[in-house]
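**Student:** Numbering (the UniProt record's numbering), first residue to last: 1 to 245. The beta carbon of each residue, even a glycine, is placed where N, CA and C say it ideally should be. Predicted model only: the values in this text are computed from it and were never measured. Take this structure, written in structure tokens, and hold onto it; I'll ask about it next.
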């Protein structure tokens with residue numbers, strides 16, 4: 001059973017460097033631009049992904065689109081999927097979520113992982129999970145969250161390294177370009193909360209590790225480690241208020 005997940009970052013936007021606020025404001029503009037373009041082209045950042053297997057019905061656990069969207073050269077990979085609702089594991093109702101990753105070849109030399117998959121291939125490397133973005137039944141983003149290692153089968157690294165890896169999440173993909181651009185913008189727009197969430201993740205990992213040094217990362221009763229609400233309007237308002245201060 002998941003322990004209670006904190007979701008109150010309480011970011012002091014006015015204390016952030018102006019350059020960070022301006023980068024977040026640009027990301028908001030980019031996100032809105034993606035949504036406007038999608039509307040003009042009668043597309044949707046989520047529905048188009050779910051339609052990748054049409055006419056087959058949407059299936060829980062299947063990755064959308066099949067084969068994922070990845071750009072090894074730039075360093076990123078993402079997919080969308082859903083599984084059965086579990087209020088104890090994810091204390092909110094959702095349709096599904098995007099998982100966002102960066103390839104481990106971008107991890108700095110000398111950084112020790114928190115936890116690795118069983119039988120990791122050190123020559124090939126793997127994926128480091130950044131965050132997941134949850135959508136409700138209407139196709140609206142609702143939360144951003146972090147997960148225990150087993151959930152995404154990742155190579156799990158400390159928060160400060162994962163924060164550095166956020167800048168490597170970028171892709172060239174023509175078919176799902178709008179969705180990729182939206183995801184890139186989301187990481188930049190909510191950067192302060194994501195950094196908070198990753199650090200909260202590590203606090204929870206340390207607590208779990210103390211209780212179970214060997215199996216903490218593979219406990220399938222523990223899924224979500226930290227989360228916060230996806231509030232686009234509130235984020236934009238907070239950025240603008242801080243810039244005007």
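Would you say residue 102 and residue 169 are within 7 angstroms of each other, going by their C-beta atoms?
**Tutor:** Working through the chain shown from its first residue, we reach residue 102 at position 102. Working through the chain shown from its first residue, we reach residue 169 at position 169. Closer than 7 angstroms, so yes.
**Student:** So which of 149, 228 and 119 has the shortest CA-CA distance to residue 196?
**Tutor:** Taking the chain shown and counting its residues from 1, one reaches residue 196 at position 196. Of the listed residues, the one whose Cα sits closest to residue 196 is 228.
**Student:** What does the alpha-carbon distance come out to for the pair residue 100 and residue 220?
**Tutor:** Reading the chain shown from its first residue, position 100 is the one you call residue 100. Reading the chain shown from its first residue, position 220 is the one you call residue 220. Rounded to whole angstroms, residue 100 to residue 220 spans 20 angstroms at the Cα level.
**Student:** Helix, strand or coil: how does DSSP classify residue 190 here?
**Tutor:** By one-based count along the chain shown, residue 190 stands at place 190. Reduced to three states, the DSSP call for residue 190 is coil.
**Student:** Between residue 155 and residue 126, is the Cβ-Cβ spacing less than 7 angstroms?
**Tutor:** Start at 1 with the first residue of the chain shown, and residue 155 comes out as number 155. Start at 1 with the first residue of the chain shown, and residue 126 comes out as number 126. Going by C-beta atoms, residue 155 is nearer than 7 angstroms to residue 126.
**Student:** Taking Cβ positions, are residue 137 and residue 95 nearer each other than 7 angstroms?
**Tutor:** In the chain shown, counting from the first residue as 1, residue 137 sits at position 137. In the chain shown, counting from the first residue as 1, residue 95 sits at position 95. In this structure, residue 95 lies closer than 7 angstroms to residue 137 by Cβ.
**Student:** Within a Cβ cutoff of 7 angstroms, which residues of the same chain sit near residue 163, ignoring the five residues on either side of it in sequence?
**Tutor:** Stepping through the chain shown from its first residue, residue 163 is reached at position 163. Excluding sequence neighbours, residue 163 sits near 195 and 198.
**Student:** In terms of residue numbering, what span does the alpha helix (DSSP H) encompassing residue 19 cover?
**Tutor:** If you number the chain shown from 1, residue 19 lands on position 19. Its alpha helix (DSSP H) spans residues 18-40.
**Student:** Starting from the C-beta of residue 20, find all residues in its chain whose C-beta is less than 8 angstroms away, skip the five residues before and the five after it, and write them out in chain order.
**Tutor:** Counting from 1 along the chain shown, the entry for residue 20 is found at position 20. The residues are 191 and 192.
**Student:** According to the Cβ coordinates, are residue 45 and residue 187 closer than 7 angstroms?
**Tutor:** Position 45 of the chain shown, counting from 1, holds the residue named residue 45. Position 187 of the chain shown, counting from 1, holds the residue named residue 187. It is not a contact, given that the beta carbons lie outside the stated cut-off.
**Student:** Residue ranges of each alpha helix (DSSP H) run of no fewer than 4 residues wholly in the region 44-109, ordered along the chain?
**Tutor:** If we require 4 residues or more, the alpha helix (DSSP H) runs fully inside the region 44-109 come out as 47-50.
**Student:** In three-state terms, what does DSSP make of residue 234?
**Tutor:** In the chain shown, counting from the first residue as 1, residue 234 sits at position 234. In the structure shown, residue 234 sits in a helix (DSSP, three-state: H, G or I).
**Student:** Which residue spans inside the region 122-199 form an unbroken beta strand (DSSP E) run of at least 3?
**Tutor:** The region 122-199 contains these whole beta strand (DSSP E) runs: 127-135 and 141-147.
**Student:** Using beta-carbon positions only, say whether residue 230 and residue 143 come within less than 7 angstroms of one another.
**Tutor:** Residue 230 sits at position 230 when you count from the first residue of the chain shown. Residue 143 sits at position 143 when you count from the first residue of the chain shown. Against a cut-off of 7 angstroms, the Cβ pair of residue 143 and residue 230 comes out as a contact.
**Student:** Relative to the C-alpha of residue 200, which residue among 225, 180 and 211 is closest?
**Tutor:** Locating residue 200 in the chain shown gives position 200, counting from the first residue. Checked all of 225, 180 and 211; the closest Cα to residue 200 is 225.
**Student:** Tell me which same chain residues have a C-beta within less than 6 angstroms of the C-beta of residue 60, skipping the five on either side of it?
**Tutor:** As a position in the chain shown, residue 60 is number 60, starting the count at 1. 82 and 83.
**Student:** Using only the alpha-carbon positions, how far apart do residue 256 and residue 97 sit?
**Tutor:** No information on residue 256 is available, as it lies outside the stretch 1 to 245 that the chain covers here.
**Student:** DSSP three-state label for residue 1, please.
**Tutor:** Position 1 of the chain shown holds residue 1. Note that residue 1 scores 48 on pLDDT, short of 50, meaning its location in the model is unreliable and no value can be drawn from it.
**Student:** Check the C-beta distance from residue 54 over to residue 171 and give it rounded, since I have them as a contact under 8 angstroms.
**Tutor:** Working through the chain shown from its first residue, we reach residue 54 at position 54. Working through the chain shown from its first residue, we reach residue 171 at position 171. Their Cβ separation, rounded to whole angstroms, is 23 angstroms, which puts residue 54 and residue 171 out of contact at 8 angstroms.
**Student:** Quick check on DSSP: helix, strand or coil for residue 243?
**Tutor:** On the chain shown, position 243 is the one that residue 243 refers to. Note: residue 243 maps to helix in three-state DSSP.
**Student:** Out of 145, 167 and 208, which one is the CA nearest neighbour of residue 74?
**Tutor:** As a first step, residue 74 is located in the chain shown; it is residue number 74 there, counting from the start. Of 145, 167 and 208, the residue nearest in Cα terms is 167.
**Student:** Can you tell me whether residue 116 is helix, strand or coil according to DSSP?
**Tutor:** Against the chain shown, residue 116 aligns to sequence position 116. Looking at residue 116 - three-state DSSP - the assignment turns out to be coil, as it is neither helix nor strand.
**Student:** Write down the C-beta distance between residue 132 and residue 34 rounded to the nearest angstrom, noting that I regard them as a contact closer than 8 angstroms.
**Tutor:** In the chain shown, counting from the first residue as 1, residue 132 sits at position 132. In the chain shown, counting from the first residue as 1, residue 34 sits at position 34. Actually they are not in contact, since the Cβ atoms of residue 132 and residue 34 sit about 19 angstroms apart, beyond 8 angstroms.
**Student:** Can you tell me which residues form a DSSP beta bridge with residue 226?
**Tutor:** Here residue 226 is taken as the residue at index 226 of the chain shown, counted from 1. In the DSSP output, where bridge partners are listed per residue, residue 226 has 146.
**Student:** Could you give the C-beta distance for residue 223 and residue 148, rounded to a whole number, given that I count them as a contact under 8 angstroms?
**Tutor:** The sequence position of residue 223 within the chain shown is 223, counting from 1. The sequence position of residue 148 within the chain shown is 148, counting from 1. With 8 angstroms as the limit, residue 223 and residue 148 qualify as a contact, their Cβ atoms being about 6 angstroms apart.
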